[in-house]
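Oh and the sequence shown: position 104 is 104 in full-length UniProt numbering, straight run, nothing missing.
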Amino acid sequence: MSINDNMVVQFNYTLRDEKGEVLESNEGRDPIAYLHGNDNMMPGIEDAITGKAVGDKFTVTPPAADTYGERQEGAEQRVSVKHLVGAKVWKPGMAAVINTDQGQRQVTILKVGKFMATVDVNHPLAGRELTFDIEVVSARDATDEEIAHGHAHGVGGHHH
């Protein structure tokens, strides 16, 4: 079965940087599940999976714009230290999470004071040439409920 829109796809991945170093992987854990064709996955990964079949293993290096985005110079913001999530003591270069109107966002600490911190709002992997090793584990037609909700349900997907 060829993967196309409105299918629930489960896959395993390993993410490597420009030097081939592993940055993250879901090896040994549940596969990632998403509703294909519904803006639930990075465009570069979704495009690479389109037309593939269960059992396919492949490597793809999408452009930065289709993964974590291009780096935006000057994308700095001052935020209250109390809004930073992930550590008790902050230092420049550390990654933090902040809650925004659009949900959680990962940022990098540039400068920190007693009450305020300057953060880079670019994703830490923005602008980088990243390679994904992907294995398609399963694919099935989405249920009417999943299509209506706009996301996959079950293992690796959304739980209500």
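Cβ coordinates follow ideal geometry from the N, Cα and C atoms, glycine included.
- For Ser138, the CB contacts under 7 angstroms within the same chain, skipping 5 residues up- and downstream, are Gln10, Val54 in chain order.
- Residue state for His149 is assigned as helix, using DSSP reduced to three classes.
- The beta carbon of Thr50 sits closer than 7 angstroms to those of Ile3, Asn4, all from its chain and outside the five residues before and after it, given in chain order.
- In this structure the stretch 10-27 does not touch the stretch 95-104; the number of beta carbon pairs closer than 8 angstroms is below three.
- Setting aside the 5 residues that flank it on each side, Pro63 is surrounded in the same chain by Gly44, each with a C-beta closer than 7 angstroms to its C-beta; the list follows chain order.
- When secondary structure is reduced to three states using DSSP, Val137 falls in the strand class.
- In the three-state reduction of the DSSP assignment, Gly37 falls in the coil class, being assigned neither a helical nor a strand state.
- About 19 angstroms separates the beta carbons of Ala75 and Gly86, which is beyond the 8 angstroms limit, so they are not a contact pair.
- Taking the Cβ atoms as the reference, Glu135 lies roughly 16 angstroms from Val8, outside the contact range of under 8 angstroms.
- Taking the Cα of Asp120 as reference, the smallest distance to any Cα among Asp133, Gln106, Asp144 is reached at Gln106.
- Between Val81 and Phe115, the CB-CB gap stays under 7 angstroms.
- Cβ-Cβ separation between Asn40 and His151: approximately 6 angstroms, consistent with a contact (criterion under 8 angstroms).
- CA-CA distance, Val112 to Ile98, rounds to 15 angstroms.
- One thing to note: Arg78 has its Cβ no nearer than 7 angstroms to the Cβ of Ala126.
- As the crow flies, the alpha-carbon of Leu35 is around 7 angstroms from that of Ala142.
- The straight-line gap separating the alpha-carbon atoms of Leu23 and Lys52 is approximately 24 angstroms.
- Around the beta-carbon of Phe58, fewer than 16 other beta-carbon atoms lie within 10 Å, marking it exposed.
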